[in-house]
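Mapped onto the numbering used here, the consecutive letters of the first sequence carry residue numbers 230 to 771. Reading through the structure tokens given below for one structure.
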Amino acid sequence: MKEYLLKLFNEAANKIPELKEITLQFDVPKSEDHGDLSSNAAMMLSKKLKKNPREIAKLIIDSINIDNSVISKIEVAGPGFINFFFHPNFFSDVINHIVTEQDNFGRSDKFKGRKANVEFVSANPTGPLTVGHGRNAVVGDTVANLLEWIGYEVDREYYFNNAGRQMRVLGDSVRLRYLELLGEKIDFPEDYYQGEYIKDIARLLFDEHGDKLKDEDAEGIFKLTAEREIFKDIKKSLNKLNINHKIFFNENSLYEEGKIEQLLRTFEEKNLSYEKDGAVWLRLTELGKEQDKVIVKSTGEPTYRLPDIAYHITKFQRGYDLMVDLFGSDHNATYPDVLAGLQALGYDVSKVKVLIHQFVTITKDGEIVKMSTRKANYITLDELVDEVGKDVVRYFFNMRNITSHMNFDLTLAKKQSDENPVFYLQYAHARICSIIRTVSKENLVANYNNLHLLNSTEEIQLLKKLNLFKEEVLYAAENFETHRICTYLEELATLFHKFYTFRRILGSEKDIAEARLALVNAVKIVLKNGLSILGVSAPEQM
RNA sequence: GCGCCCGUAGCUCAAUCGGAUAGAGCAUCAGCCUUCUAAGCUGAGGGUUAGUGGUUCGAGUCCACUCGGGCGUACCA
Numbered sequence: 230m231k232e233y234l235l236k237l238f239n240e241a242a243n244k245i246p247e248l249k250e251i252t253l254q255f256d257v258p259k260s261e262d263h264g265d266l267s268s269n270a271a272m273m274l275s276k277k278l279k280k281n282p283r284e285i286a287k288l289i290i291d292s293i294n295i296d297n298s299v300i301s302k303i304e305v306a307g308p309g310f311i312n313f314f315f316h317p318n319f320f321s322d323v324i325n326h327i328v329t330e331q332d333n334f335g336r337s338d339k340f341k342g343r344k345a346n347v348e349f350v351s352a353n354p355t356g357p358l359t360v361g362h363g364r365n366a367v368v369g370d371t372v373a374n375l376l377e378w379i380g381y382e383v384d385r386e387y388y389f390n391n392a393g394r395q396m397r398v399l400g401d402s403v404r405l406r407y408l409e410l411l412g413e414k415i416d417f418p419e420d421y422y423q424g425e426y427i428k429d430i431a432r433l434l435f436d437e438h439g440d441k442l443k444d445e446d447a448e449g450i451f452k453l454t455a456e457r458e459i460f461k462d463i464k465k466s467l468n469k470l471n472i473n474h475k476i477f478f479n480e481n482s483l484y485e486e487g488k489i490e491q492l493l494r495t496f497e498e499k500n501l502s503y504e505k506d507g508a509v510w511l512r513l514t515e516l517g518k519e520q521d522k523v524i525v526k527s528t529g530e531p532t533y534r535l536p537d538i539a540y541h542i543t544k545f546q547r548g549y550d551l552m553v554d555l556f557g558s559d560h561n562a563t564y565p566d567v568l569a570g571l572q573a574l575g576y577d578v579s580k581v582k583v584l585i586h587q588f589v590t591i592t593k594d595g596e597i598v599k600m601s602t603r604k605a606n607y608i609t610l611d612e613l614v615d616e617v618g619k620d621v622v623r624y625f626f627n628m629r630n631i632t633s634h635m636n637f638d639l640t641l642a643k644k645q646s647d648e649n650p651v652f653y654l655q656y657a658h659a660r661i662c663s664i665i666r667t668v669s670k671e672n673l674v675a676n677y678n679n680l681h682l683l684n685s686t687e688e689i690q691l692l693k694k695l696n697l698f699k700e701e702v703l704y705a706a707e708n709f710e711t712h713r714i715c716t717y718l719e720e721l722a723t724l725f726h727k728f729y730t731f732r733r734i735l736g737s738e739k740d741i742a743e744a745r746l747a748l749v750n751a752v753k754i755v756l757k758n759g760l761s762i763l764g765v766s767a768p769e770q771m
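Printed below as a string of structure tokens:
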């Protein structure tokens with residue numbers, strides 16, 4: 230629809246040259262009374278032409294050629310909107326596209342041939358994934374899905390840090406628990422990992438090696454075993470949500486391959502770093518930042534900035550056109566330094582898109598569930614998935630804009646009722662499957678030749694919504710907004726349920742019944758495709 | 001103190017780079033199942049978009065300030 234109008238306006242620009250100077254946009258009005266698409270071009274031109282916008286709108290209308298079989302009505306409304314009403318037959322075409330393309334309907338090739346990397350979760354293997362990681366995991370995977378739907382070839386990547394202090398503490402936590410098992414009296418520091426899983430790993434080592442490890446370093450077998458075992462659990466948790474990273478990139482490899490040293494030398498050669506108080510600093514002030522930051526501590530150990538920059542360089546070297554990083558808001562202070570460093574080295578940081586999601590609060594029975602990692606008092610992602618199921622978890626995390634703090638209502642999520650929006654969508658799909666099963670026994674077959682018979686309000690609204698799916702996917706993907714898909718699907722499901730209530734298939738005249746069956750088939754495909762972007766299943770019956 | 005995010009109906013949230021009368025779901029109230037799934041549908045009530053100024057044809061959206069909440073502000077990540 231938009232393309233069609235764009236073409237008309239570009240033709241009109243021959244008569245009104247100023248039209249070329251503004252970016253044309255067509256919006257779907259909130260109210261149906263305002264047409265199917267609306268243009269604000271006249272208002273944008275009013276200053277330039279020094280004329281009343283309504284007059285300009287009339288001028289524009291006069292200078293475009295209207296095909297009455299496509300556009301049934303054009304009007305000037307309000308302060309100067311031009312409203313376009315499309316002919317009903319125009320909308321039913323979409324059904325043919327949907328049934329032809331099936332599972333691929335909604336995909337576009339706008340970014341075909343381009344490579345994207347989506348880095349998400351990236352939690353260090355120091356403990357099980359929590360509900361907080363869940364939002365990151367689900368949104369990251371869904372963003373990756375969306376990018377695939379608009380043509381990108383996408384690599385899902387998990388970056389983890391196994392070289393720093395955190396992991397040393399982890400190894401030592403296991404070592405102490407191990408010694409405890411051997412009967413030694415230990416003093417377990419408060420800032421060590423308190424969780425039961427540490428004891429499990431210690432138990433594992435004890436069962437396998439007895440007391441032979443009592444003189445081993447924390448950094449050796451203790452740390453390695455902990456990393457291996459915890460990663461096993463992390464991957465299992467992600468698998469339950471159908472999340473599979475293609476690449477697990479670890480920080481150690483950057484050291485092993487000399488990337489860290491190399492980067493340090495480059496900074497030095499370009500005079501972007503200097504030494505002070507025994508540490509190496511990055512000249513961020515010269516890059517417009519507030520203060521210089523340390524990249525190598527006086528102990529000789531790099532801060533996170535150095536490996537992070539080196540890591541992103543590898544992404545550039547791997548040839549991605551788009552690199553998405555998804556972090557929780559606790560990281561919002563770290564990424565600007567990394568980007569500044571990359572930019573100073575001449576990398577095109579506009580290819581890096583950093584997404585920050587806000588935190589998740591869990592409520593149960595109306596009360597906030599308080600969580601503390603240090604005390605190992607948290608709800609794990611695993612527990613959450615086991616309790617409410619994959620579909621609910623994926624839907625709930627996807628349904629909110631990531632810029633908002635989100636409330637995960639455990640009581641609501643567990644309810645298998647109309648209070649839970651996931652079921653509303655799945656129910657619509659199951660209902661359609663049921664209709665198709667029942668109706669096929671009556672010798673009715675979908676017929677795609679009489680779609681003009683779909684002319685009731687309920688049918689036309691449904692058709693219009695189907696027409697918007699592809700655009701909606703594109704918009705959601707380009708803006709990295711997964712919740713858009715949820716909103717769209719809920720609106721589609723609502724329109725379907727209304728259609729179901731007022732327009733029957735059985736009992737209608739055969740031509741109408743068969744056209745409606747075609748419509749219902751199309752709705753089913755779009756619901757299923759939308760749910761598959763979200764990673765939510767589309768059950769055939771409920 | 002400073003930086004980022006947020007503040008919309010009783011609750012949870014939408015609102016397409018600034019568009020027309022701010023919309024859904026839940027909750028509350030009143031209705032609809034002898035025919036394709038009632039996990040559904042119809043209707044009603046519910047708002048000074050935290051506040052005050054500003055920018056303009058037009059502001060929930062942009063700017064300034066104030067209030068309130070979250071996360072940061074390390075030679076932790």
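Ideal Cβ positions, reconstructed from N, Cα and C, are used throughout, including at glycine.
Beta-carbon contacts of residue i that lie in its chain and below 8 Å, excluding the five residues immediately before and after
{"i": "S337", "result": "W378, I379, G380, K699, V702, L703"}
{"i": "K249", "result": "A242"}
{"i": "P565", "result": "K518"}
Residues near residue i by beta carbon distance below 7 Å, same chain, minus five either side
{"i": "N239", "result": "none"}
{"i": "L274", "result": "E247, I251, I285"}
{"i": "I295", "result": "I303"}
{"i": "L399", "result": "T355, Y422, K452, A455"}
{"i": "I245", "result": "L288, I289, S292"}
{"i": "D506", "result": "S527"}
Residue span of the beta strand (DSSP E) that contains residue i, given as start and end
{"i": "K582", "result": "581-586"}
{"i": "I597", "result": "596-598"}
{"i": "I311", "result": "310-315"}
Identity of the residue in the options nearest residue i by Cα
{"i": "I665", "options": "V752, K339, S579, L691", "result": "V752"}
{"i": "G356", "options": "Q331, V305, L410, Q423", "result": "Q423"}
{"i": "H541", "options": "Q572, L748, K499, L610", "result": "Q572"}
{"i": "D594", "options": "V749, L641, I754, E719", "result": "L641"}
{"i": "S669", "options": "V621, K599, V749, L691", "result": "V749"}
{"i": "D440", "options": "E413, T454, N365", "result": "E413"}
{"i": "T359", "options": "L584, K644, T563, S466", "result": "S466"}
{"i": "G189", "options": "I631, R432, R457", "result": "Absent from the model: residue 189. The displayed extent of the chain is 230 to 771, so no value can be given."}
{"i": "I734", "options": "K522, V674, K469, V765", "result": "V674"}
{"i": "S737", "options": "S633, L682, S761", "result": "L682"}
{"i": "A747", "options": "K276, D256, V328", "result": "V328"}
{"i": "Q690", "options": "N318, S298, L237", "result": "N318"}
{"i": "G529", "options": "T514, T563, E490", "result": "E490"}
Beta-bridge pairing of residue i - partner residues as DSSP gives them
{"i": "L610", "result": "Its beta-bridge partners do not exist; DSSP assigns none."}
{"i": "K505", "result": "A508"}
{"i": "L555", "result": "L584"}
{"i": "F698", "result": "None; F698 has no bridge partner."}
{"i": "P536", "result": "Answer is none; P536 lacks a bridge partner."}
{"i": "I186", "result": "Because the chain here runs from 230 to 771, residue 186 falls outside it and cannot be looked at."}
{"i": "E515", "result": "Per DSSP, none; premise fails for E515."}
{"i": "S663", "result": "Looking at the DSSP assignment, S663 forms no beta bridge with any residue, so it has no partner."}
{"i": "V305", "result": "I311"}
{"i": "D256", "result": "S267"}
{"i": "T371", "result": "In DSSP, T371 forms no bridge with anything."}
{"i": "P531", "result": "V525"}
{"i": "D638", "result": "T592"}
Where the alpha helix (DSSP H) containing residue i begins and where it ends
{"i": "Y388", "result": "Here Y388 belongs to no alpha helix (DSSP H); instead the beta strand (DSSP E) covers 382-389."}
{"i": "F731", "result": "712-731"}
{"i": "L433", "result": "425-438"}
{"i": "K464", "result": "452-469"}
{"i": "T590", "result": "That residue, T590, is in no alpha helix (DSSP H); its beta strand (DSSP E) goes 589-593."}
{"i": "D566", "result": "564-573"}
As assigned by DSSP and simplified to three states, the class of residue i
{"i": "E497", "result": "helix"}
{"i": "S766", "result": "coil"}
{"i": "V299", "result": "coil"}
{"i": "M272", "result": "helix"}
{"i": "V749", "result": "helix"}
{"i": "R404", "result": "helix"}
{"i": "N649", "result": "coil"}
{"i": "E348", "result": "strand"}
{"i": "V525", "result": "strand"}
{"i": "P354", "result": "coil"}
{"i": "N708", "result": "coil"}
Beta-carbon proximity list for residue i, same chain, < 6 Å, skipping 5 on both sides
{"i": "R385", "result": "V347, A373, H474, K475"}
{"i": "E504", "result": "none"}
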